[in-house]
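In my numbering, the protein residues as written are 21 to 222. Here is the structure we will look at.
Here is the structure:
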């Protein structure tokens, strides 16, 4: 009985400490936080669980779009996170040498060596971007457009011929349309990078 009373007292003491702490944290994030003036969903201002939930349900991008439509071009979608939706913000953020990427990029790295996407150091990222920018410039993309359109036309013909019923493109079973998507991706990449074709779709 004494052990039971002791456990109950521990739970009660923890509750007495936890409830005021949570209330103080809520008040701070809503009214005293440096980002408290920015609009956004209430749950997003309070916890990162808001973004985590929508990421798990694979609707984070749709939720962000709806929030931008509701609150404007700058929204607070996390306690310490602002999301911008403007061309000027894109330039100010990604072309600013004083701003570095989040450490989440480094933690999510799959390869031992950093890629263009997860490179943290500005100089190293600039070098990688300079190499790849030659193949992704507007001039080269326009030159590649006829090849791309040709592959899109072939893919659409294959998709239309694969079934008379609607095809669920969200799932990835071993169905013919989905295999054609994989072949199309590989063929376009191969044509763009190697200037050759294995004719996987035709």
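C-beta: ideal position from N, C-alpha, C; glycine also. Given the structure is predicted, the values throughout are model-derived calculations rather than measurements.
- Between residue 103 and residue 111, the C-beta spacing is not below 7 Å.
- In the three-state scheme derived from DSSP, where H, G and I count as helix and E and B as strand, residue 115 is classed as coil.
- Taking residue 80 as the centre and dropping the five residues before and after it, the same chain places the C-beta of 74 closer than 6 Å to its C-beta, in chain order.
- Rounded to whole angstroms, the Cβ separation of residue 56 and residue 63 is 15 Å, and the two are not in contact under 8 Å.
- In the structure shown, the three-state DSSP call for residue 64 is helix.
- Following the DSSP letters along the chain, one finds residue 96 inside the beta strand (DSSP E) bounded by residues 94 to 98.
- In the three-state reduction of the DSSP assignment, residue 102 falls in the strand class.
- In the DSSP assignment, residue 124 falls within the alpha helix (DSSP H) that extends over 123 to 127.
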